[in-house]
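This note's numbering applies: residue 470 is where the sequence shown begins, and numbers increase by one. Each residue gets a CB set at the ideal place from its N, CA and C atoms; glycine is no exception. Right, one structure below, let's go through it.
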Amino acid sequence: MIGFVSSGSGCVRSKGRSEVCQVRSHNRLRKSGVVLRMASSEGENDSSDEGEKTFPLLKDFLAGLNDLGHLRIIVKNDAAVSEAIAKTEKLFYATIPSGLEYANIIDPSINLDLHMKLAGYGGARFEKGISRGANKAPTYIIRMLGTDKETVMVSFFLSGPEGPGDITPERVEAWTKLKDTFAGSEDETCWF
470 MIGFVSSGSG CVRSKGRSEV CQVRSHNRLR KSGVVLRMAS SEGENDSSDE GEKTFPLLKD
530 FLAGLNDLGH LRIIVKNDAA VSEAIAKTEK LFYATIPSGL EYANIIDPSI NLDLHMKLAG
590 YGGARFEKGI SRGANKAPTY IIRMLGTDKE TVMVSFFLSG PEGPGDITPE RVEAWTKLKD
650 TFAGSEDETC WF
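Right, here's the structure in full:
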């Protein structure tokens with residue numbers, strides 16, 4: 470289960486207030502029994518007291534998204550679509566009292582709270598496409614797949630300030646490197 474939700478902290482989302490909102494959100498999580506951990510690609514946070522699945526490959530993959538810069542994040546279901554443009558540099562993990570672990574991207578400056586239940590992901594598919602805009606720019610997409618290995622849970626599009634055509638060659642190279650590292654140069658999909 471993933472989704473975008475308002476933090477509901479009741480604080481004003483104006484410039485200069487985002488730090489206060491973020492602190493309030495983290496304090497609320499701490500009081501509720503949620504364990505917060507910063508994201509790490511080195512596996513230091515991959516242990517679990519109860520021997521539950523720790524998702525080291527998925528965590529390494531999510532850490533690699535940071536090298537891609539701004540991403541258009543799209544979550545959709547049968548009734549709604551939610552989109553935001555954000556970086557994953559503030560990715561962190563939280564384990565809720567029931568033991569489920571989530572990867573989280575929270576950016577109060579754009580009122581983004583994205584929570585990805587790690588147990589809900591089975592793989593990722595890399596795709597290249599063409600934008601729908603007049604310039605028909607190439608698009609670079611990562612579709613996070615559910616445990617059924619078919620359902621798209623969330624999509625990450627390389628994005629720039631001016632849209633899909635505003636992507637530097639270095640970011641395309643980072644996307645290709647991530648693909649080659651996890652899916653291989655001949656395959657489009659990796660499994661966690």
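CB contact flag (residue i, residue j, <8 Å)
| i | j | result |
| --- | --- | --- |
| Lys-556 | Gly-538 | yes |
| Leu-627 | Thr-620 | no |
| Phe-661 | Gly-591 | yes |
| Glu-658 | Ala-593 | Residue identity differs from the one stated: residue 658 is Thr in this sequence, not Glu. For Thr-658 and Ala-593, yes; Cβs fall inside 8 Å. |
Beta-carbon contacts of residue i that lie in its chain and below 8 Å, excluding the five residues immediately before and after
| i | result |
| --- | --- |
| Ile-471 | In this predicted model, Ile-471 has a pLDDT of only 40, less than 50, meaning its place in the structure is not dependable; the value taken from the coordinates is given anyway. Contacts found: Val-544, Leu-583, His-584, Met-585, Lys-586, Gly-589, Met-622 and Val-623. |
| Val-492 | Note that Val-492 has pLDDT 41, beneath the 50 cutoff, so the model's placement of it is unreliable and no number is given. |
| Asp-649 | none |
Nearest candidate by alpha-carbon position, reference residue i, set the options
| i | options | result |
| --- | --- | --- |
| Ala-637 | Leu-540, Leu-527 and Leu-560 | Per the sequence presented here, residue 637 reads as Thr, with Ala not at that position. Minimum Cα distance to Thr-637 is reached at Leu-540. |
| Ile-554 | Ile-542, Phe-561 and Lys-522 | Ile-542 |
| Phe-524 | Leu-581, Asn-604 and Thr-564 | Thr-564 |
| Ser-578 | Asn-604, Lys-559 and Asp-656 | Lys-559 |
| Ile-575 | Ala-548, Gly-568, Phe-561 and Pro-566 | Phe-561 |
| Glu-596 | Val-641, Val-550 and Asp-529 | Val-641 |
| Asp-536 | Glu-655, Gly-653 and Phe-625 | Phe-625 |
| Gly-568 | Gly-598, Gly-653, Lys-522 and Gly-602 | Lys-522 |
Same chain, Cβ closer than 6 Å to residue i, neighbours up to 5 away in sequence not counted
| i | result |
| --- | --- |
| Glu-639 | none |
| Glu-488 | Here the model assigns Glu-488 a pLDDT of 38, short of 50, so the residue's position is not dependable and the matter cannot be decided. |
| Lys-618 | Gly-591 and Gly-592 |
| Arg-499 | Residue confidence for Arg-499 is low, a pLDDT of 48 falling below 50, so the modelled location carries little weight; the figure read from the coordinates is stated next. So no residue of the chain qualifies. |
| Gly-629 | Asp-635 and Ile-636 |
| Ser-517 | Note on Ser-517: pLDDT 39, under 50, position unreliable in the model; no value is reported. |
| Thr-616 | Gly-591 |
Same chain, Cβ closer than 7 Å to residue i, five either side skipped, listed in chain order
| i | result |
| --- | --- |
| Leu-527 | Leu-587, Tyr-590 and Phe-661 |
| Gly-598 | Thr-608 and Ile-610 |
| Glu-655 | none |
Beta-ladder partner(s) of residue i, from DSSP
| i | result |
| --- | --- |
| Phe-595 | Ile-611 |
| Glu-552 | Ile-543 |
| Met-622 | Answer is none; Met-622 lacks a bridge partner. |
| Asp-582 | Ile-575 |
| Thr-658 | Arg-594 |
Contact the stretch 595–610 vs the stretch 643–659: 3+ CB pairs below 8 Å: Enough Cβ pairs lie closer than 8 Å, so yes.
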